[in-house]
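Read the structure below first, then the notes.
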Amino acid sequence: MDLSRGALRSYSAAALGIWGGMYFAYLSAAWLPSGIMSLLFGLAPLLSGLYARWWLKSAPLDKLQWMGFALALSGLAVAVSDSLALPPGSWKGVLTMLLAVNCFAASGVLVQRERAGLHPLVQTEGALLVSLPLYLVCALIVDGVPQALPEGRPMAAILYLGIFGSLIGYLCYYFVLSRLSASTVALATLITPIFAMSLGAVLNDELISSRVLAGALLIVIGLCAYLFGPQWRARLTSRRLSQG
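Okay, so the sequence shown: first residue is 946 according to the working numbering, each after it adds one.
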């Protein structure tokens, strides 16, 4: 395990996403259905692009990207304004989930800014070790010392999150992040809103209203305009020049 100064900074940056992103997402589950949580997490590519602009000095956003950003935010407002689909006090979950998404997006960009050149397995190991004491402190503050271990389905869920949601999931994430930009990697969240909302409706009997679906559609359209708008504009311009 690399313990150089650059590696330690990279571990800390990655821990922001593992601890902040996951911890605040789990907190928001007390107020939000899983479909709405995934819908909010779909904003990750937008935030990654903004953070990359500020911290990595990437290309400035053009008008079409800003329009996509505004459209996605409008879709978010439409989705979370549905009082039928959201339980009382859900605004707490919305704010907590937005904090989780910001931690996740910022973490990916900060890891790339460090350019530590770590192997994905080393990066994952270091980030998890930095995250562990943070999780422990939060668990003791929120729940205190556990009196008994969970059994059955709760234990299976914990094991699944620990193995697939943390170890394997982040190992694959940092492998891809070492080869692609943070905003491109965040494209994976484009498929999560509708997929997760469908699973929530089938497995958890969660309500999907027409307003939530409309909001999800606006978010997906906004994300596509934000992420692919410059390419579409360039292709359209080249076609016009070739025809002219």
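No residue lacks a Cβ here, since even glycine has one placed at the ideal position from N, Cα and C.
Counting along the chain, Arg954 sits inside the alpha helix (DSSP H) bounded by residues 950-960.
Using a Cβ-Cβ distance cut-off of 8 Å, the segment 1155-1166 and the segment 1013-1022 are in contact, since at least three pairs of beta carbons, one from each stretch, lie closer than that value. Burial of Pro990 is indicated by the presence of at least 16 other C-beta atoms within 10 angstroms of its C-beta. Bounds of any alpha helix (DSSP H) do not take in Pro978, whose DSSP letter is neither H nor E.
In this structure, Val1056 sits near Gly962, with a CB-CB distance shorter than 9 Å. Here Gln1188 is exposed. Its C-beta has fewer than 16 other C-beta atoms within 10 Å. Cβ-Cβ distances below 8 Å link Phe969 to Thr1041, Met1042, Leu1044, Ala1045, Cys1048 in the same chain, with the five nearest sequence neighbours on each side left out; the list follows chain order. Approximately 34 Å separates the beta-carbon atoms of Val1067 and Leu977; this is outside 8 Å, ruling out the contact. About 3 Å separates the Cβ atoms of Gly1013 and Tyr1171, confirming a contact at the 8 Å cut-off. Residue nearest to Leu953 within the set Arg1124, Pro1175, Ala1072, Ala997 is Ala1072 (criterion: CA-CA distance). Glu1096 places its beta carbon 9 Å or farther from that of Ser955. In this structure, the alpha-carbon of Arg1124 lies about 11 Å from that of Gly1062.
Selection Val1054, Leu995, Tyr1119, Met1100 evaluated against Glu1070 yields Tyr1119 as nearest (Cα-Cα).
Here DSSP, grouped into helix, strand and coil, assigns Arg1180 to helix. The DSSP-derived three-state label of Asn1047 is helix. Leaving aside the five residues that flank Leu1079 on each side, the residues in its chain whose CB is nearer than 6 Å to its CB run, in chain order, Trp964. Bounds of any alpha helix (DSSP H) do not take in Ser1111, whose DSSP letter is neither H nor E.
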